[in-house]
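J.: Dumping the structure here so I can ask a few things about it.
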Amino acid sequence: MKKVFLIRHAKAENLKEGLSDFSRSLVKEGMKESKDIAKKITDEVSDNMILISSPAHRALETAHIFAEKLNYPAAKILLKDSVYAESSPESFMTILGEIEDTYDAVMLFGHNPGISEFASLLITEKDFQFDIPKSGILEFDFSQNSWKEIEKHTGLLRRVDYPKKYRNRFKESLNVKISQAFSELLNRINTDSSKNIQQSVEKHAAKIAKKFTKDLRRKTHEKSADQ
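Residue numbers (the numbering used here): 2 to 228.
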């Protein structure tokens, strides 16, 4: 059995005059998000694993973050120019086929749209389309015992993970709790009036949850920057 992790690079600085696309580095938020995602898979990686990355700074920096969390020697990260220059599903398939069978798993760090298109090529569902978010990770299992035997649409999707996935869950949960608290309070005053403004309560609860989540995220990043 073989395992493939597809990882899109973390959030990077914007393209600007004097800075090439290749040289764009990660911003603090991107670094933190990659560290958070890497922590979630430390117990699921194989000892016989290889990390392969685009040589572009933002992808390689993301790979270094994962390598540190996984106790993988950064010097052993294999750089493939085609992950950046071509970034096509076909070039990724070629890379898989070149991996030695002594490795059970590979982590591939790349860019959109290529890495998302490659995911669509691997998964068993032929109509699958998913735009991998920055710092996002997809995990596939393959029944084949050789990398050369892996074919299109034979990958079993085991994991989809990305930073906003948990942020959105928290916001949705908070929204429900705020709405319920408001409704219970208003019901104690007047049930009929509470029912009449239920839609308004839900609308304002959503706004409060969104604003609170945004402010909490900002404070968390500020705290991380100070450490």
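By construction, the Cβ of each residue, glycine as well, lies at the ideal position given by its N, Cα and C atoms.
Alpha carbon to alpha carbon, what distance is there between T192 and V161?
T.: The count along the sequence shown starts at 1 and reaches residue 161 at position 160. The count along the sequence shown starts at 1 and reaches residue 192 at position 191. Going by the C-alpha atoms only, they are around 43 angstroms apart.
J.: What did DSSP end up calling M2 once you bin it into helix, strand or coil?
T.: One-based indexing of the sequence shown puts residue 2 at position 1. Residue state, collapsed to three classes: coil.
J.: Assuming L7 and A86 are in contact, meaning their beta carbons sit under 8 angstroms apart, how far apart are those beta carbons, in whole angstroms?
T.: Mapped onto the sequence shown, residue 7 falls at position 6. Mapped onto the sequence shown, residue 86 falls at position 85. Going by Cβ atoms, the distance from L7 to A86 rounds to 18 angstroms, so no, they are not a contact pair.
J.: Give me whichever residues DSSP pairs with R9 in a beta bridge.
T.: Position 8 of the sequence shown, counted from the first residue, corresponds to residue 9. In the DSSP output, where bridge partners are listed per residue, R9 has G111.
J.: Contact between the region 136–153 and the region 6–23: three or more CB pairs below 8 angstroms?
T.: Segments in contact, yes.
J.: May I ask whether a heavy atom of the ligand SAH can be found less than 8 angstroms away from the beta carbon of I209?
T.: Of ligands this structure carries none, so the ligand SAH is not represented either.
J.: Expressed to the nearest angstrom, what Euclidean distance is found between the alpha-carbon atoms of E118 and N188?
T.: Position 117 of the sequence shown holds residue 118. Position 187 of the sequence shown holds residue 188. Distance between the alpha carbons of E118 and N188: 51 angstroms.
J.: For E112, count neighbouring C-beta atoms within 10 Å of its own C-beta (all shown protein chains included) and say buried if the count is 16 or more, exposed if not.
T.: Here residue 112 refers to the residue found at position 111 when the sequence shown is read from its first residue. As written in the sequence, residue 112 is His, which differs from the Glu given in the question. Result: buried.
J.: Can the beta-carbon of L71 be found less than 9 angstroms from the beta-carbon of V46?
T.: Residue 71 sits at position 70 when you count from the first residue of the sequence shown. Residue 46 sits at position 45 when you count from the first residue of the sequence shown. Cβ atoms of L71 and V46: closer than 9 angstroms.
J.: For the region 72–159, which segments carrying the beta strand (DSSP E) assignment without a break, of at least 3 residues, lie completely within its bounds, in sequence order?
T.: Here the runs fully enclosed are 106–111 and 138–143.
J.: Among all the DSSP beta bridges, which residues are the ones paired with V161?
T.: Mapped onto the sequence shown, residue 161 falls at position 160. DSSP, once it has assigned bridges, lists L139 as partnering V161.
J.: Using DSSP with H/G/I as helix, E/B as strand and the rest coil, what is S225?
T.: As a working mapping, residue 225 is identified with position 224 in the sequence shown. Note that S225 has pLDDT 47, beneath the 50 cutoff, so the model's placement of it is unreliable and no number is given.
J.: Using the beta-carbon count (16 or more within 10 Å), is F93 buried or exposed?
T.: In the sequence shown, residue 93 corresponds to position 92, counting from 1. Under this definition F93 is a buried residue.
J.: Roughly how many whole angstroms lie between the Cα atoms of S225 and D37?
T.: Within the sequence shown, the letter at position 224 stands for residue 225. Within the sequence shown, the letter at position 36 stands for residue 37. Caution is warranted here: a pLDDT of 47 is assigned to S225, below 50, making its placement in the model unreliable, and the coordinate value is therefore given only provisionally. So the two alpha carbons sit approximately 12 angstroms from each other.
J.: So, for S195: in the same chain, excluding its five sequence neighbours on each side, which residues have a beta-carbon less than 7 angstroms away from its beta-carbon?
T.: Walking along the sequence shown from the start, residue 195 turns up at place 194. Closer than 7 angstroms at Cβ, skipping near neighbours: S184, L187 and N188.
J.: Tell me the rounded alpha-carbon separation between G98 and E14.
T.: One-based indexing of the sequence shown puts residue 98 at position 97. One-based indexing of the sequence shown puts residue 14 at position 13. One C-alpha to the other measures close to 33 angstroms.
J.: Taking a contact to mean a Cβ-Cβ separation below 9 angstroms, would you say L16 touches S55 in this structure?
T.: In the sequence shown, residue 16 corresponds to position 15, counting from 1. In the sequence shown, residue 55 corresponds to position 54, counting from 1. Going by C-beta atoms, L16 is not nearer than 9 angstroms to S55.
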